[in-house]
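Worksheet: one structure, shown below.
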Amino acid sequence: MRKNIVAGNWKMNKNLQEGIALAKELNEALAADKPNCDVVICTPFIHLASVTPIVDSAVIGVGAENCADKVSGAYTGEVSAEMVASTGAQYVILGHSERRAYYGETVEILEEKVKLALANNLKPIFCIGEVLEEREANKQNEVVAAQMASVFSLSAEDFGKVILAYEPVWAIGTGKTATPEQAQEIHAYIRSLVAEKYGQEVADNTSILYGGSCKPSNAKELFANPDVDGGLIGGAALQVADFKGIIDAFK
Ligand code: PGA
């Protein structure tokens, strides 16, 4: 059966020393009180090699927030999936709405990134979600269906390694959360797309996380939905008390 996962997305926050301190504090908190779900922290590239040896890999997985769409070579400033994996990281967020909106990441670019991540044994946390105008026009289903094209060219075996994260853009960092009903409705729809493509068993084994202003006070009711298998957490992942509060929603 699918896993429940709480993943943190640090975004462009925390310098190296602050990031190490945060990882240590989280590791201690979860050593003292073991989580009932998988926990992942996705950090800026420069933190990865320092953070992976600090955390107990049996309790906390580490991931990047992006990787290149090319294997290697003359791509100044880029970081490849192989480089990410060489730090000991096991996950990579791909397709975050901030990458799509500010860095022009298209369905095709993301398809390349997903393939390179998988070729390097990284598990993609693949993000999809609509902007406010699309939600207001009731177009959220078509939007997420179109975004899924980046992962629907994978074999069923490879797709089985992908974690999905539904993140309505209007809920990210805004304090506006999708209602549990809105989350359940679209998560069930996303799972039905997976079932149509790969069959019910693959769909039932796919973890679909919710992201967008998730916090300790709303995590429990969001995660209680049958098709919501955890969260991708931005702001609330930057303090151990908040992040652990969300992890504890599974207790
Ligand atoms: P937020 O971000 O929790 O700060 O809304 C979520 C995300 O962007 O992954």
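Residue numbers (this note's numbering): 3 to 253.
Glycine included, C-beta positions come from ideal geometry on N, C-alpha and C.
Fill in: Buried or exposed by the 16-neighbour rule on C-beta atoms within 10 Å, applied to proline 228
Taking the sequence shown and counting its residues from 1, one reaches residue 228 at position 226. So proline 228 ends up on the exposed side.
Worksheet item: Between the C-alpha atoms of alanine 277 and leucine 156, what's the straight-line distance to the nearest angstrom?
Response: No information on residue 277 is available, as it lies outside the stretch 3 to 253 that the chain covers here.
Discussion item. Ligand 1 and histidine 98: does the residue's C-beta get closer than 7 Å to at least one heavy atom of that ligand?
Written reply: For the purposes of this step, residue 98 is identified with residue 96 of the sequence shown, where counting begins at 1. Yes, the Cβ of histidine 98 comes within 7 Å of a heavy atom of ligand 1.
Worksheet entry | Reference valine 116, options Thr108, Glu107 and Pro126, closest by Cα | In the sequence shown, counting from the first residue as 1, residue 116 sits at position 114. It is Pro126.
Fill in: Same chain, Cβ closer than 6 Å to aspartate 71, five either side skipped, listed in chain order
By one-based count along the sequence shown, residue 71 stands at place 69. Excluding sequence neighbours, aspartate 71 sits near Ile111, Glu114 and Lys115.
Practice prompt. Return the CA-CA distance between valine 242 and phenylalanine 128, expressed in angstroms with no decimal places.
Written response: Here residue 242 corresponds to residue number 240 of the sequence shown, with the count starting at 1. Here residue 128 corresponds to residue number 126 of the sequence shown, with the count starting at 1. A straight-line Cα-Cα distance of about 24 Å links valine 242 and phenylalanine 128.
Worksheet item: Do glycine 177 and glycine 236 have their C-beta atoms closer together than 8 Å?
Response: Mapped onto the sequence shown, residue 177 falls at position 175. Mapped onto the sequence shown, residue 236 falls at position 234. Not a contact, by the Cβ cut-off of 8 Å.
Worksheet item: Which residues in the same chain as tryptophan 172 place their Cβ atom closer than 7 Å to its Cβ, once the five residues preceding and following it in sequence are excluded?
Response: Here the question's residue 172 lines up with position 170 in the sequence shown. Counting only Cβ-Cβ distances below 7 Å, and skipping sequence neighbours, we find Val133, Leu134, Arg137 and Lys178.
Worksheet entry | 4 or more residues per run - each alpha helix (DSSP H) lying fully within the stretch 94-149 | Whole alpha helix (DSSP H) segments, 4+ residues: 99-104, 109-121, 134-138 and 142-149.
Worksheet item: Contact check, glycine 214 vs proline 182 under 8 Å by CB: the rounded distance?
Response: Within the sequence shown, residue 214 is the residue found at index 212, counting from 1. Within the sequence shown, residue 182 is the residue found at index 180, counting from 1. The Cβ separation is near 13 Å, so there is no contact.
Worksheet item: Does the beta-carbon distance from cysteine 44 to tyrosine 93 come in below 8 Å?
Response: Against the sequence shown, residue 44 aligns to sequence position 42. Against the sequence shown, residue 93 aligns to sequence position 91. Contact: yes.
Worksheet item: Are the CB atoms of arginine 101 and asparagine 122 nearer to each other than 8 Å?
Response: Working through the sequence shown from its first residue, we reach residue 101 at position 99. Working through the sequence shown from its first residue, we reach residue 122 at position 120. No, these two residues do not count as a Cβ contact at 8 Å.
Discussion item. Ligand 1 and leucine 24: does any heavy atom of the ligand fall closer than 7 Å to the residue's C-beta?
Written reply: Working through the sequence shown from its first residue, we reach residue 24 at position 22. Result no, Cβ not under 7 Å from ligand 1.
Item to complete: Can you tell me which of the three DSSP states glycine 247 falls into?
Response: Mapped onto the sequence shown, residue 247 falls at position 245. It is helical.
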